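For what it's worth, the UniProt record's numbering labels the leading residue of the sequence shown as 1, then goes sequentially.
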Amino acid sequence: MLIHIPTKAIMTAWRRMVTPVVTLGTAAASVVTTFGVATRDVHVSRPSALRPTTLLHRFVDTQHVDVFETTLDAPSIAVKTVARAFFTSPVFQAERAFLHLVGFGCVSDASIDHTDFDVGDKLVVFRVVECAPGQLLFCWNDFMDVNGYTWLAVADEDGRITVQFGSTFDVSQTSWLARPVLRHVVLPLHLWYAQVVLASTKYTLERKPPIG
């Protein structure tokens with residue numbers, strides 16, 4: 001037996017489902033575009049120039065690695081402060097909202113502000129797997145087949161603070177059919193977005209007082 005569902009009810013349900021997605025997409029696009037202009041303060045750092053003591057160095061020969069950096073006029077700053085600014089920055093707030101929308105849970109700014117970023121701590125899909133002085137390494141390979149890491153680091157150079165943001169992708173784990181898309185579509189978008197996120201992090205660091 002066929003059940004008749006009124007067209008008006010279908011359209012109402014469709015609008016309720018689509019409207020939040022469109023609203024989130026519009027807001028996210030606006031935020032990302034705004035900080036896209038600020039990427040002039042973000043610069044590429046060659047992975048080959050990473051010191052052997054960095055937590056990202058061991059991936060250079062086996063995975064795709066990219067590193068971006070920016071500077072701050074500040075006497076000193078803790079890497080955990082950078083991490084809090086990273087995850088609460090306007091651009092990453094939009095990413096968190098999207099991840100929540102697709103089922104990866106919700107994390108509030110207040111929760112992030114009180115996170116210690118110890119090994120094992122997790123924010124949405126990012127889990128802290130290693131810590132070192134001035135460095136944090138996050139893994140996000142426990143929810144998908146592709147192996148990947150996110151790295152945050154701070155260094156004091158000539159009285160200015162350098163903030164570095166790095167990412168890795170193990171391209172070899174993807175199927176040969178998907179690799180062209182990953183290399184020519186996904187990675188270029190990621191490289192642009194990484195600069196936008198770092199610019200947004202700098203914006204947050206310059207305006208948000210450190211916690212703890």
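Cβ coordinates follow ideal geometry from the N, Cα and C atoms, glycine included. Just so it is clear, the structure is predicted and the values come from calculations on it, not from any experiment.
Does the structure place the region 195-203 close enough to the region 63-75 that three or more beta carbon pairs sit under 8 Å? yes
Can you give me the C-alpha to C-alpha distance between residue 110 and residue 79, rounded to a whole angstrom? Rounded to whole angstroms, residue 110 to residue 79 spans 18 Å at the Cα level.
Take the Cβ of residue 151 as the centre, count every other Cβ of all protein chains shown within 10 Å, and call the residue buried at 16 or more, exposed below. buried
In its own chain, which residues sit with a C-beta less than 7 Å from the C-beta of residue 107, not counting the 5 before and 5 after it? The answer, listed in chain order, is 96, 123 and 124.
Would you decide whether residue 85 is buried or exposed? Buried here means 16 or more other CB atoms lie within 10 Å of its CB. Burial call: buried.
Among 121, 117, 101 and 135, which residue has its Cα nearest to the Cα of residue 54? The shortest C-alpha to C-alpha distance from residue 54 to any of 121, 117, 101 and 135 is the one to 135.
Give me the Cβ distance between residue 64 and residue 138, rounded to the nearest whole Å; I'm assuming they're in contact under 8 Å. That pair is no contact at about 16 Å.
Helix, strand or coil for residue 112 per DSSP? helix
Give the secondary structure of residue 41 by DSSP, where H, G and I count as helix, E and B as strand, and everything else as coil. helix
Can you name, in chain order, every residue of its own chain whose Cβ lies under 6 Å from the Cβ of residue 129, other than the five neighbours on each side? 137 and 139
C-beta atoms of residue 83 and residue 117 nearer than 8 Å: yes
Count the other CB atoms within 10 Å of the CB of residue 66; is the residue buried (16 or more) or exposed (fewer)? So residue 66 ends up on the buried side.
Specify, as a first and last residue, the run of the beta strand (DSSP E) that residue 63 falls within. Here residue 63 belongs to no beta strand (DSSP E), and DSSP marks it neither H nor E.
Span of the alpha helix (DSSP H) holding residue 137? Premise fails: residue 137 lies in the beta strand (DSSP E), 135-139, not in any alpha helix (DSSP H).
Given this structure, state the Cα-to-Cα distance separating residue 195 from residue 162, to the nearest angstrom. 14 Å
What are the residues that DSSP puts in a beta bridge with residue 192? Answer by DSSP bridge pairing: none, since residue 192 is not bridged.
Which partner residues does residue 168 have in the DSSP bridge list? 65 and 149
Just verifying my parser: in three-state terms, what is the DSSP assignment at residue 22? Because the pLDDT of residue 22 is 42, which lies under 50, any placement of that residue in the model is unreliable, and the number read from its coordinates should be weighed accordingly. In this structure, residue 22 counts as helix in the three-state DSSP scheme.
Where the beta strand (DSSP E) through residue 127 begins and ends: 126-132
Reference residue 148, options 166, 88 and 100, closest by Cα: 166
Output needed for residue 182: all residues of its chain with C-beta closer than 8 Å, excluding positions within five of it in sequence on either side, in chain order. Leaving aside the five residues that flank residue 182 on each side, the residues in its chain whose CB is nearer than 8 Å to its CB run, in chain order, 169, 171 and 174.
Could you please give the first and the last residue of the uninterrupted alpha helix (DSSP H) stretch that includes residue 96? 90-101
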